[in-house]
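Colleague: Just so you know, we're using our numbering here: the sequence shown kicks off at 58 and counts up by one. I have a structure I would like to understand better, so I am pasting it below and will then ask my questions one at a time.
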Amino acid sequence: KYDRQVEDLVLARLRACAPEFRVVAEETANSEELTDLPTWVVDPIDGTTNFIHRQSECCVLIGLAVRKRPVLGVCFIPKMDELYTAIRGHGAFCNGRRISCSGCEDLTKALVNLHMPSYSRGPKVVERILGVTRDLLAHPVRGVRCGGSAGVDMIHVAKGRLDAYFEVGIYPWDVCAGAVIVEEAGGVCLDTMGGDFDLASRRILVASSPKLAQQVAGILQRQRYDTVDAENYESEDSDAKKRKTQ
58 KYDRQVEDLV LARLRACAPE FRVVAEETAN SEELTDLPTW VVDPIDGTTN
108 FIHRQSECCV LIGLAVRKRP VLGVCFIPKM DELYTAIRGH GAFCNGRRIS
158 CSGCEDLTKA LVNLHMPSYS RGPKVVERIL GVTRDLLAHP VRGVRCGGSA
208 GVDMIHVAKG RLDAYFEVGI YPWDVCAGAV IVEEAGGVCL DTMGGDFDLA
258 SRRILVASSP KLAQQVAGIL QRQRYDTVDA ENYESEDSDA KKRKTQ
C-alpha cells in the first residue's frame with residue numbers, strides 16, 4: 058500500500074520534469090528492461106520489512122541511468138532526516154554537506170554489512186551465506202552487521218559508517234542511486250566476484266577503497282557468492298519434503 062503511494066507521488070514529479078525519460082520502478086514498472094536511453098530507476102521504500110517493523114533502516118531511492126550506467130542518485134532516510142544527493146563528477150552530499158568514505162584498506166579493521174536473503178532460504182542459499190559469514194569472522198574482520206536495506210547500507214559506506222557491503226539478488230532500483238553516491242564519495246562498486254559492476258546483474262560489492270573491495274571479493278570468490286537461484290533451491294526443498302512423506 059505505502060510503497061505504491063510513494064511511487065505514484067515520485068513518478069508524477071519525475072514525469073512532470075522529464076516526460077521523455079523512461080522509468081524502471083519496483084512497484085509499477087518492474088518488468089521494464091534497462092536500455093541506453095535516460096531512465097529513472099526508483100525504489101519507493103527500500104527496506105520494506107524494516108519499514109513495517111518501524112525500524113529506521115529504510116529509505117526512498119531515485120536514480121538516473123544513462124547507457125545503463127548510474128549518473129545521478131538521491132536517497133532520503135526519513136527516520137534520520139538525511140537527504141543524500143550525487144551527480145557523477147560533482148561529489149556526494151548529505152543535507153548539502155560533502156561526504157566521503159572511510160578509506161579503510163584493511164579487512165581486519167573493517168565493519169562489513171551483508172544481507173540475509175529473504176527471497177530464498179533453501180539449503181544451498183543458507184550454506185553459502187553462512188560460509189561467507191564464517192570466512193569473514195575467521196579472517197578476522199572487525200565486525201559484521203546486517204541492515205536490511207541495500208540503499209541505506211550503501212549510504213553508510215558513502216558516509217564512512219560502514220567500510221563494505223555486498224549482496225546477491227538485488228535489483229537495479231535497489232542500487233542505482235546508491236552506486237553514484239558511493240563512487241562520488243570516493244568508494245568503489247564492483248561485482249561480487251571482483252569484476253566491473255553491472256547495474257542489471259543482481260549482485261554488488263561496495264567498499265570504501267579498491268584494496269578493501271578486492272579483499273572482500275576474495276572471500277566471496279571462495280564461496281562462489283555470485284547467484285541465488287531461488288527456483289532451484291525451492292525445488293530441492295520440495296523434493297526433500299516429498300522424501301520425508303514417502
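Note that the Cβ used here is the ideal one computed from N, Cα and C, for glycine as well.
Is the beta carbon of R178 within less than 6 Å of some heavy atom of the ligand NAD?
Modeller: This structure does not include the ligand NAD; it has no bound ligands of any sort.
Colleague: Rounded to whole angstroms, how far is the Cβ of E114 from the Cβ of V209, which I believe are closer than 8 Å?
Modeller: Position 57 of the sequence shown, counting from 1, holds the residue named residue 114. Position 152 of the sequence shown, counting from 1, holds the residue named residue 209. E114 to V209, Cβ: 5 Å. Contact.
Colleague: Taking the alpha-carbon of D220 as reference, which of R202, P229 and T142 has the nearest alpha-carbon?
Modeller: The residue given as residue 220 occupies position 163 in the sequence shown. Checking every option, the nearest Cα to that of D220 belongs to R202.
Colleague: Among the candidates G146, I144, L121 and F108, whose CA atom is the shortest distance from the CA of I134?
Modeller: Along the sequence shown, one-based indexing puts residue 134 at 77. Minimum Cα distance to I134 is reached at F108.
Colleague: Measuring alpha carbon to alpha carbon, tell me which of L193, V232, A242 and V237 ends up nearest D217.
Modeller: Along the sequence shown, one-based indexing puts residue 217 at 160. What sits at residue 217 in the sequence shown is Gly, not Asp. The option with the nearest alpha carbon to G217 is A242.
Colleague: I want to know whether the segment 189-198 touches the segment 126-143 - three or more CB-CB distances under 8 Å.
Modeller: These segments do not touch.
Colleague: Which residues mark the beginning and the end of the beta strand (DSSP E) in which A149 is found?
Modeller: Position 92 of the sequence shown, counting from 1, holds the residue named residue 149. Note, A149: beta strand (DSSP E), A149 to C151.
Colleague: Among the residues of its own chain, which have a CB less than 6 Å from the CB of L118, if the five just before and after it don't count?
Modeller: For the purposes of this step, residue 118 is identified with residue 61 of the sequence shown, where counting begins at 1. These residues qualify, in order along the chain: D100, D103, C132, G208 and A234.
Colleague: Rounded to the nearest angstrom, what separates R124 and A236 at their Cα positions?
Modeller: Counted from its first residue, the sequence shown places residue 124 at position 67. Counted from its first residue, the sequence shown places residue 236 at position 179. So the two alpha carbons sit approximately 15 Å from each other.
Colleague: Under 7 Å Cβ to Cβ from Q62, same chain only, skipping five residues before and after it: list those, please.
Modeller: Mapped onto the sequence shown, residue 62 falls at position 5. So the list is empty, once near-sequence residues are dropped.
Colleague: Please confirm if the segment 167-179 is in contact with the segment 75-94, defined as three or more CB-CB distances below 8 Å between the two stretches.
Modeller: Contact fails: fewer than three Cβ-Cβ distances are below 8 Å.
Colleague: Could you give the C-beta distance for V189 and L168, rounded to a whole number, given that I count them as a contact under 8 Å?
Modeller: For the purposes of this step, residue 189 is taken as the residue at position 132 of the sequence shown. For the purposes of this step, residue 168 is taken as the residue at position 111 of the sequence shown. Actually they are not in contact, since the Cβ atoms of V189 and L168 sit about 16 Å apart, beyond 8 Å.
Colleague: According to DSSP, simplified to helix, strand and coil, what is V285?
Modeller: Your numbering for residue 285 matches position 228 in the sequence shown. Three-state DSSP puts V285 in coil, outside helix and strand.
Colleague: Would you mind sorting L256 into buried or exposed? The rule is 16 or more other CB atoms within 10 Å of its CB.
Modeller: The residue you call residue 256 lines up with position 199 of the sequence shown. L256 is buried by the Cβ-count criterion.
Colleague: Tell me the rounded alpha-carbon separation between E288 and K181.
Modeller: Here the question's residue 288 lines up with position 231 in the sequence shown. Here the question's residue 181 lines up with position 124 in the sequence shown. The predicted position of E288 is uncertain, since its pLDDT is 46 and thus under 50; no value can be drawn from it.
Colleague: Considering Cα atoms alone, identify which of V232, S258, L262 and D231 is closest to C246.
Modeller: What you label residue 246 is simply residue 189 of the sequence shown in a count that begins at 1. Per the Cα distances, L262.
Colleague: Run through the segment 80-118 for me and flag every whole beta strand (DSSP E) of 3 or more residues, listed as ranges in chain order.
Modeller: Those beta strand (DSSP E) runs which fall completely within the segment 80-118 and span 3+ residues are 96-103.
Colleague: Report the partner residues of L140 according to the DSSP bridge assignment.
Modeller: Against the sequence shown, residue 140 aligns to sequence position 83. Answer is F133, bridged to L140.
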